[in-house]
Amino acid sequence: MRAVPGTADASGQEWEVFNSKTAELLSHHQVELKQQFPKEGWVEQDPDEILQSVYECIERTCEKLTELNIDISAIKAIGVSNQRETTVVWDKYTGEPLYNAVVWLDLRTQGTVETLSKRIPGNNNFVKSKTGLPLSTYFSAVKLHWILENVSDVKQAVEEERALFGTIDSWLIWSLTGGPNGGVHCTDVTNASRTMLFNIHSLEWDIELCEFFEIPMTILPNIRSSSEIYGLMKAGALEGVPLSGCLGDQSAALVGQMCFQDGQAKNTYGTGCFLLCNTGQKCVFSDHGLLTTVAYKLGRDKPVCYALEGSVAIAGAVVRWLRDNLGILESSEEIENLAKEAGTSYGCYFVPAFSGLYAPYWEPSARGIICGLTQFTNKQHIAFAALEAVCFQTREILDAMNKDCGIPLSHLQVDGGMTNNKILMQLQADILCIPVVKPSMPETTALGAAMAAGAAEGVGVWSLEPEDLSAVTMERFEPQINEEESEIRYATWKKAVQKSMGWATGESPANGIP
Numbered sequence: 111m112r113a114v115p116g117t118a119d120a121s122g123q124e125w126e127v128f129n130s131k132t133a134e135l136l137s138h139h140q141v142e143l144k145q146q147f148p149k150e151g152w153v154e155q156d157p158d159e160i161l162q163s164v165y166e167c168i169e170r171t172c173e174k175l176t177e178l179n180i181d182i183s184a185i186k187a188i189g190v191s192n193q194r195e196t197t198v199v200w201d202k203y204t205g206e207p208l209y210n211a212v213v214w215l216d217l218r219t220q221g222t223v224e225t226l227s228k229r230i231p232g233n234n235n236f237v238k239s240k241t242g243l244p245l246s247t248y249f250s251a252v253k254l255h256w257i258l259e260n261v262s263d264v265k266q267a268v269e270e271e272r273a274l275f276g277t278i279d280s281w282l283i284w285s286l287t288g289g290p291n292g293g294v295h296c297t298d299v300t301n302a303s304r305t306m307l308f309n310i311h312s313l314e315w316d317i318e319l320c321e322f323f324e325i326p327m328t329i330l331p332n333i334r335s336s337s338e339i340y341g342l343m344k345a346g347a348l349e350g351v352p353l354s355g356c357l358g359d360q361s362a363a364l365v366g367q368m369c370f371q372d373g374q375a376k377n378t379y380g381t382g383c384f385l386l387c388n389t390g391q392k393c394v395f396s397d398h399g400l401l402t403t404v405a406y407k408l409g410r411d412k413p414v415c416y417a418l419e420g421s422v423a424i425a426g427a428v429v430r431w432l433r434d435n436l437g438i439l440e441s442s443e444e445i446e447n448l449a450k451e452a453g454t455s456y457g458c459y460f461v462p463a464f465s466g467l468y469a470p471y472w473e474p475s476a477r478g479i480i481c482g483l484t485q486f487t488n489k490q491h492i493a494f495a496a497l498e499a500v501c502f503q504t505r506e507i508l509d510a511m512n513k514d515c516g517i518p519l520s521h522l523q524v525d526g527g528m529t530n531n532k533i534l535m536q537l538q539a540d541i542l543c544i545p546v547v548k549p550s551m552p553e554t555t556a557l558g559a560a561m562a563a564g565a566a567e568g569v570g571v572w573s574l575e576p577e578d579l580s581a582v583t584m585e586r587f588e589p590q591i592n593e594e595e596s597e598i599r600y601a602t603w604k605k606a607v608q609k610s611m612g613w614a615t616g617e618s619p620a621n622g623i624p
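Heads up: take any position in the sequence shown, counting from 1, add 110, and you land on the working numbering.
Printed below as a string of structure tokens:
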């Protein structure tokens with residue numbers, strides 16, 4: 111038996127080990143990571159805590175494998191999957207982070223975005239045509255621009271040629287392959303495509319974009335494919351094992367769901383919600399607010415494949431907010447029981463635009479609202495409305511996807527931690543009016559990273575040929591309400607979305623202006 115771990119981080123660090131012949135999950139360990147909110151709209155994480163959680167997950171998982179009488183020498187390769195866009199700058203000589211990781215949800219750069227957008231000619235949006243992305247607080251370039259302008263330690267390190275930049279994958283791969291002692295500074299094409307510094311046509315860092323965002327190219331990682339040996343683990347129980355797979359989390363889920371054909375799509379329910387549709391080797395640009403992104407490049411000599419993506423900022427994060435900020439849940443799992451007790455939102459609608467609205471609106475001025483409240487409304491109704499919000503947001507990006515692709519999806523493949531919530535899955539089928547199909551092993555993100563690692567040249571323990579891919583057992587949720595009722599609820603949701611817009615101004619604290 112040959113085992114391949116895939117690691118995935120979001121609000122938590124997960125380490126999962128798979129059998130490369132059957133894709134069976136052999137063992138796993140998870141650690142919840144702290145997010146820090148130093149000011150309104152700011153979201154940070156400690157890069158050292160992320161790294162330490164990886165080492166902890168490796169050690170715990172190896173212990174669990176030993177208890178199962180699985181020899182850890184059977185582990186042949188390691189794949190990394192990560193939050194995309196989250197931005198880290200560190201010192202290449204000491205290995206220390208020079209500032210906290212600025213998380214993809216962070217809003218401090220809204221003022222930066224407004225300033226930069228004035229410098230893009232109306233008749234030549236070269237940023238969007240080269241990157242496939244709208245200018246937004248979401249992507250790494252504006253976060254890095256802000257750090258370079260505002261953090262003196264980083265400015266000094268850049269001047270002294272000590273600074274390295276990366277998304278979380280780069281920080282982990284550099285650290286795990288030796289750090290200051292020969293660590294490999296690289297990223298893959300999927301993560302690079304979310305920085306807003308990467309030309310998705312030439313598959314290289316773009317000089318014009320780097321000049322526009324005022325980013326020195328010397329601090330950028332080397333760009334590699336998603337499946338090749340980047341380097342070897344330099345410490346711990348897995349010392350000497352190759353790191354050979356790297357995919358941004360949403361690309362990893364697309365691979366894990368085996369969406370290798372043009373037109374296949376999946377929706378992942380994590381901190382946010384991400385619907386990706388494989389467009390093959392064609393770079394398709396959206397007319398309906400979706401992003402064009404790199405799906406994967408599974409080998410140095412393999413072709414690059416692209417995807418259309420609908421990104422929703424707040425999905426699982428709304429459950430965490432109800433738990434941590436309002437205290438109406440003691441655990442995230444409790445929301446299913448609360449929603450079940452209510453059975454309806456009783457006319458209550460919740461638009462969780464905590465970080466503005468992402469696809470299809472790209473409206474940074476929006477903020478969260480709960481409307482339609484009466485004296486009868488209780489926490490059960492609000493819990494139900496929160497789950498409905500995840501489903502309505504998915505409906506909006508699915509509608510946009512159907513318009514861009516021209517062929518409506520006949521069913522929706524889903525994955526991610528939230529898909530364990532059966533009420534959510536049934537609501538999703540009802541609101542989309544199509545079946546929702548969930549694999550029995552919902553953590554397909556880590557599986558995708560493991561597949562990329564195991565398939566790498568020089569490892570070769572995982573075949574990605576269609577005839578060799580394991581069949582996956584699926585659970586299916588059919589729509590149970592009539593389409594007319596679904597459309598009425600959706601129309602009311604859209605009315606609530608309009609009311610959430612225009613709240614934040616350029617002077618709000620969320621823009622990093624004290």
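Yeah, the Cβ is synthetic: ideal placement off N, Cα and C, and Gly gets one too.
Give every residue of the same chain whose Cβ lies closer than 6 Å to the Cβ of residue i, excluding the five residues on either side of it in the sequence, and list them in chain order.
i: Q374; result: N388
i: Q538; result: C501, V546
i: G293; result: W284, T287
i: L342; result: G350, P352
i: E443; result: none
i: V641; result: The shown model of the chain, from 111 to 624, leaves out residue 641, and the question about it has no answer.
Does residue i come out as helix, strand or coil in the three-state DSSP assignment?
i: R334; result: strand
i: G564; result: helix
i: G527; result: helix
i: C356; result: strand
i: W125; result: strand
i: R272; result: coil
i: G420; result: strand
i: Q155; result: strand
i: A120; result: Annotation note: pLDDT 46 at A120 (below 50); position unreliable, coordinate value reported separately. A120 falls in the coil class under three-state DSSP.
i: Y340; result: strand
i: G382; result: coil
i: K609; result: helix
i: N592; result: coil
i: K376; result: strand
Output needed for residue i: all residues of its chain with C-beta closer than 7 Å, excluding positions within five of it in sequence on either side, in chain order.
i: T554; result: A363, G366, Q367, D525
i: D540; result: P589, Q590, I591, S596
i: E134; result: F128
i: P576; result: none
i: K253; result: T197, V212, D216, T219
Excluding the five sequence neighbours on either side, which residues of its own chain have a C-beta within less than 8 Å of the C-beta of residue i, listed in chain order?
i: K412; result: S335, S337
i: A566; result: A187, S337, E338, I339, P352, S354, G355, G409
i: A510; result: S396, H398, G399, L400, G420, A469, P470
i: R477; result: A463, F464, G466, S610, W613, A614
i: D156; result: K144, Q146, P207, N210, A211
i: I160; result: D119, Q123, L143, A211, I278, W281, L282
i: A273; result: V199, W200, D201, K202, L208, V264, A267, I329
Alpha carbon to alpha carbon, how far is residue j from residue i? Give it in angstroms, no decimals.
i: Q360; j: P207; result: 25 Å
i: Q536; j: N234; result: 44 Å
i: I527; j: Q123; result: The displayed chain sequence assigns Gly, not Ile, to residue 527. So the alpha carbons of these two residues sit roughly 13 Å apart.
i: N192; j: I230; result: 30 Å
i: V153; j: T196; result: 10 Å
i: S573; j: L243; result: 32 Å
i: L448; j: V571; result: 45 Å
i: C296; j: T487; result: 51 Å
i: I480; j: T381; result: 19 Å
i: T378; j: Q391; result: 22 Å
i: E324; j: V237; result: 14 Å
i: I182; j: V164; result: 17 Å
i: A423; j: E126; result: 25 Å
i: T95; j: N531; result: Residue 95 lies beyond the range of the chain shown here (111 to 624); nothing can be said about it.
i: T241; j: Y600; result: 32 Å
i: W472; j: K149; result: 22 Å
i: L483; j: V394; result: 42 Å
Tell me, to the nearest whole angstrom, how far the beta carbon of residue i is from that of residue j; I am working on the premise that it is less than 8 Å.
i: T305; j: F249; result: 6 Å
i: A425; j: S610; result: Not quite, the Cβ-Cβ distance comes to about 16 Å (not below 8 Å), so this is no contact.
i: S239; j: L178; result: That belief does not hold up - the Cβ atoms of S239 and L178 are roughly 51 Å apart, past 8 Å.
i: A427; j: A493; result: Not a contact, Cβ separation roughly 15 Å.
i: L542; j: L508; result: 6 Å
Exercise for the section: Kindly provide the ranges of any beta strand (DSSP E) runs that are 3 or more residues long and lie completely inside the region 481 to 552, ordered along the chain. Expected result: 522 to 525, 546 to 549
Exercise for the section: Return the chain-ordered ranges of every alpha helix (DSSP H) run that is complete within the region 275 to 332 and spans a minimum of 4 residues. Expected result: 278 to 286, 299 to 302, 317 to 323
Practice task
Mind listing, in chain order, the continuous alpha helix (DSSP H) runs of no fewer than 4 residues lying wholly within the region 225 to 254?
Solution key: 236 to 241
Handout entry: beta strand (DSSP E) runs contained entirely in the region 167 to 232, provided each spans 3 or more residues
Key = 188 to 192, 197 to 201
Practice task
Kindly provide the ranges of any alpha helix (DSSP H) runs that are 4 or more residues long and lie completely inside the region 386 to 439, ordered along the chain.
Solution key: 426 to 434
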